[in-house]
Amino acid sequence: MSKFLMTPSSKLLGLSSSLIASSVRSFSSTPTTASDALLSLLKDPTLTEWPEDDYSTNEPNFQVFDPASPTTILAEVATRDPKAAIEKCSDALPAWRDETTAAHRASLLTKWSNLMGENADDLATIMTLESGKPLPESYGEVNYAKAFLEYYAAEAIRPTGAGGGFMVPSPFPGTDGGPKGQVMALQQAVGVAGMVAPWNFPLAMITRKVGPALAAGCTAVAKPSELTPLSAIALKNLADRAGIPDGVFELVTASTESTPAVGTEFCTNSIVKKISFTGSTRVGKILMEQSSGTVKRVSMELGGNACFVVFEDADVDEAVNAAMLAKFRNAGQTCVTADRFLIHSSVHDEFVSKFVAKMKTIKVGPGIHPDTQLGPLINVAGVQSITDKVQAALEEGATVYEQISLPEEGSGPHFYPPTVLTNVSSDSDIWKTETFGPVAAIRSFETEEEALDIANDVNVGLASYFFTKDLSRAFSFASKLEVGMVGVNEGIISSTATPFGGVKESGIGTEGSPLGLKEYLETKYIFMKTGK
1 MSKFLMTPSS KLLGLSSSLI ASSVRSFSST PTTASDALLS LLKDPTLTEW PEDDYSTNEP
61 NFQVFDPASP TTILAEVATR DPKAAIEKCS DALPAWRDET TAAHRASLLT KWSNLMGENA
121 DDLATIMTLE SGKPLPESYG EVNYAKAFLE YYAAEAIRPT GAGGGFMVPS PFPGTDGGPK
181 GQVMALQQAV GVAGMVAPWN FPLAMITRKV GPALAAGCTA VAKPSELTPL SAIALKNLAD
241 RAGIPDGVFE LVTASTESTP AVGTEFCTNS IVKKISFTGS TRVGKILMEQ SSGTVKRVSM
301 ELGGNACFVV FEDADVDEAV NAAMLAKFRN AGQTCVTADR FLIHSSVHDE FVSKFVAKMK
361 TIKVGPGIHP DTQLGPLINV AGVQSITDKV QAALEEGATV YEQISLPEEG SGPHFYPPTV
421 LTNVSSDSDI WKTETFGPVA AIRSFETEEE ALDIANDVNV GLASYFFTKD LSRAFSFASK
481 LEVGMVGVNE GIISSTATPF GGVKESGIGT EGSPLGLKEY LETKYIFMKT GK
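In terms of full-length UniProt numbering, the sequence shown opens at residue 1 and continues consecutively.
What follows is the structure, given as structure tokens:
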């Protein structure tokens with residue numbers, strides 16, 4: 001067993017405590033300031049400057065760190081007043097919703113997207129430094145994030161989009177025997193939307209929410225993660241430069257200590273009519289409960305624990321290639337990451353052998369290095385969680401089939417080595433709960449029925465993947481999986497034009513696709529008497 005696995009939890013936890021303590025140091029409130037080290041890497045350093053606003057607070061600033069080098073301070077960020085930001089969005093709502101054409105809203109979203117493309121280098125650099133993900137993945141996210149703005153710019157002007165609805169003759173006859181009037185159904189913007197975004201996709205998870213909201217005629221206030229606020233600040237600056245009117249898109253940054261208060265304000269403030277949250281199931285339940293007092297509409301994209309099934313007739317090489325992407329993208333820190341691997345016994349050994357061979361080629365290191373393929377985890381708490389789960393799985397009979405050695409440049413406290421566990425019990429914590437790290441838990445199965453039972457035996461249902469050449473099985477198995485999204489012979493399934501959402505405790509509502517726009521619209525029925 002590797003030294004990493006044998007590291008006593010107490011020793012790792014002691015190291016974590018000192019880092020966590022240093023990461024929450026704060027100073028008296030000053031304007032948000034990026035470090036010289038960060039600014040020197042940017043073509044346009046002003047992207048990190050906080051836009052002018054009137055809702056700053058007297059709370060201490062909080063610090064943002066580089067996960068690859070957690071003693072490196074990237075910036076000090078000010079905490080903002082969520083109530084003031086909400087009121088600003090409320091003031092801007094009538095003009096944006098009622099006096100701005102869908103075509104004009106679309107043009108502004110397009111300009112915003114174009115500016116993201118023009119500033120892709122800086123956006124990717126900022127994202128990599130504060131989130132840890134490799135630069136190629138950050139560039140990919142910039143393109144993904146800007147694509148949501150482009151997509152919803154187009155949706156804004158479609159007849160079935162924000163201006164959609166219908167008008168038909170009344171089914172009720174008048175005294176002359178003809179229709180008594182006209183029946184109309186209008187789709188109108190919900191109002192002010194409050195949004196809470198995660199750290200693992202600090203740009204895309206904001207534009208996936210803000211894009212449809214603004215296209216529909218809503219105004220929006222977003223709260224980025226306290227771990228990755230700089231990407232959101234840059235995004236807000238570009239929105240302002242694109243001409244998005246003041247108050248239409250506002251940003252609230254807050255420290256770890258202040259974050260619960262922001263969520264509470266979003267959920268309990270009667271001005272806010274819609275909540276959209278991406279994050280853990282635990283926090284999502286809290287926000288749903290808080291939102292019930294004002295009966296808000298909610299969209300919740302919560303935790304996953306995706307199963308990756310390989311049947312006996314699958315193309316094993318194709319499955320291995322897809323598994324590498326589904327498992328190790330963003331160091332396994334995505335809600336649709338493949339965590340549980342179910343491999344038919346007849347191809348189990350072949351799959352594991354080929355998967356491990358590819359895993360050994362992964363280049364681990366700081367994301368800012370151009371050849372890095374897998375970066376650090378976001379914080380020490382993430383490392384500790386995985387360490388505990390792996391240790392518990394081993395005590396329950398699992399085997400470390402392979403764990404690659406970390407190179408010197410990837411040996412910091414936030415790095416965890418890519419690991420394959422076999423003989424994993426379906427009752428173990430690492431199988432039952434989301435891993436959020438570069439560990440593949442693998443077990444075999446014998447029958448399709450067994451695979452389905454094991455795959456569905458969790459309380460979440462966001463995504464699943466499976467590989468087969470049997471077309472009949474493909475349709476049947478996909479329909480029986482208790483998830484919101486299924487990849488058949490494919491490991492990456494998200495796009496702007498497709499619905500993203502889960503079932504069970506993985507959430508409520510849909511993002512992406514035309515359905516994502518509907519989340520920010522409500523239907524009004526009007527009966528207009530025109531006959532006798």
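Ideal Cβ positions, reconstructed from N, Cα and C, are used throughout, including at glycine.
Open item on the list: Within the continuous beta strand (DSSP E) that includes residue 344, where are the two ends?
Closed with: 338-344
Open item on the list: Suppose the cutoff is 6 Å on Cβ atoms and the five residues either side in sequence are ignored; what does the same chain contact list for residue 189 look like?
Closed with: 97, 216, 217, 218
Task: Neighbourhood of residue 312 by C-beta distance below 7 Å, restricted to the same chain and skipping five residues each side - done: 344, 346, 347
- [ ] Ignore the nearest five residues each way along the sequence and tell me which others in residue 253's own chain have a CB closer than 6 Å to its CB.
- [x] 77, 80, 229
TODO: Any chance you could list the alpha helix (DSSP H) runs of at least 4 consecutive residues sitting entirely within the region 382-456, in chain order?
DONE: 429-432, 448-456
- [ ] May I have the straight-line CA-CA distance separating residue 350 from residue 358, to the nearest angstrom?
- [x] 13 Å
Open item on the list: Taking 8 Å as the cut-off, does the region 366-382 touch the region 403-419 (at least 3 CB pairs, one atom from each stretch)?
Closed with: yes
Task: Inter-residue spacing [alpha-carbon to alpha-carbon] between residue 236 and residue 427 - done: If you draw a straight line from the Cα of residue 236 to the Cα of residue 427, it comes to about 44 Å.
- [ ] Give a yes or no on whether the C-beta atoms belonging to residue 200 and residue 290 are separated by under 9 Å.
- [x] no
- [ ] Please go through the same chain and pick out, in chain order, the residues whose beta-carbon is closer than 7 Å to the beta-carbon of residue 480, but skip the five residues on each side of it.
- [x] Spatial neighbours of residue 480 in its own chain (CB-CB distance under 7 Å, excluding positions within 5 residues in sequence) are listed in chain order as 452.
- [ ] Answer with buried or exposed for residue 532, where buried requires no fewer than 16 other C-beta atoms within 10 angstroms of its C-beta.
- [x] Looking at its Cβ environment, which holds fewer than 16 other Cβ atoms inside 10 Å, residue 532 is exposed.
Open item on the list: In this structure, how does DSSP classify residue 61 when only helix, strand and coil are distinguished?
Closed with: strand
Task: Contacts around residue 144, its chain only, beta-carbon distance under 6 Å, and the 5 residues preceding and following it disregarded - done: 204
Open item on the list: Looking at residue 336: is its Cβ nearer than 9 Å to the Cβ of residue 306?
Closed with: yes
Open item on the list: Which same chain residues end up closer than 7 Å to residue 108 when comparing Cβ atoms and leaving out the 5 residues on each side of it in sequence?
Closed with: 242, 243, 244
- [ ] Tell me the start and end of each unbroken beta strand (DSSP E) in the region 145-180 that is at least 3 residues and wholly inside, in chain order.
- [x] 165-169
Task: Three-way DSSP call (helix, strand, coil) for residue 139 in this model - done: helix
Task: Distance between residue 397 and residue 84 (C-alpha atoms, nearest Å) - done: 54 Å
- [ ] Determine the extent of the beta strand (DSSP E) in which residue 571 is found, giving its start and end residues.
- [x] Residue numbering for the chain in the displayed model covers 1 to 532; residue 571 lies beyond these limits and cannot be assessed.
Task: Nearest-angstrom Cα separation, counted from residue 485 out to residue 464 - done: 7 Å
Open item on the list: Taking the alpha-carbon of residue 488 as reference, which of 227, 476, 362 has the nearest alpha-carbon?
Closed with: 476
Open item on the list: Suppose you measure from the CA of residue 151 to the CA of residue 298; what does that come to, to the nearest Å?
Closed with: 22 Å
Task: residue 202 versus residue 75 - alpha carbon distance - done: 16 Å
- [ ] Along the alpha helix (DSSP H) that carries residue 86, what are the first and last residues, could you check?
- [x] Start and end: 82-98.
- [ ] Would you identify the three-state DSSP class for residue 302, choosing helix, strand or coil?
- [x] coil
Task: Distance CB(residue 295)-CB(residue 251) smaller than 9 Å - done: No, they are not a contact pair.
Open item on the list: Using the Cβ count rule (16 or more neighbours within 10 Å means buried), how would you classify residue 275?
Closed with: Within 10 angstroms of the beta-carbon of residue 275 lie 16 or more other beta-carbons, which makes it buried.
TODO: With a threshold of 16 other CB atoms inside 10 Å of the CB of residue 269, please say whether the residue is buried or exposed.
DONE: buried
Open item on the list: Using only CA atoms, which one of 457, 411, 471 lies nearest to residue 433?
Closed with: 457
Task: Span of the alpha helix (DSSP H), counted from its first residue to its last, around residue 227 - done: Taken as a continuous stretch (DSSP letters only), residue 227 belongs to no alpha helix (DSSP H), as it is neither H nor E.
Task: Length of the line joining the Cα atoms of residue 520 and residue 126 - done: Cα to Cα, the separation comes out at about 30 Å.
Open item on the list: Can you find the residues in the same chain that come closer than 7 Å, C-beta to C-beta, to residue 454, ignoring five residues on each side of it along the sequence?
Closed with: 342, 426, 445
Task: Whole-angstrom distance between residue 63 and residue 29, CA atom to CA atom - done: The predicted position of residue 29 is uncertain, since its pLDDT is 41 and thus under 50; a value taken from the coordinates is nonetheless stated next. Distance between the alpha carbons of residue 29 and residue 63 is about 12 Å.
Open item on the list: Checking 9 Å against the spacing of the C-beta atoms, do residue 502 and residue 279 come in under that value?
Closed with: Against a cut-off of 9 Å, the Cβ pair of residue 279 and residue 502 comes out as no contact.
Task: Residue of 424, 167, 211, 82 minimising C-alpha distance to residue 57 - done: The option with the nearest alpha carbon to residue 57 is 82.
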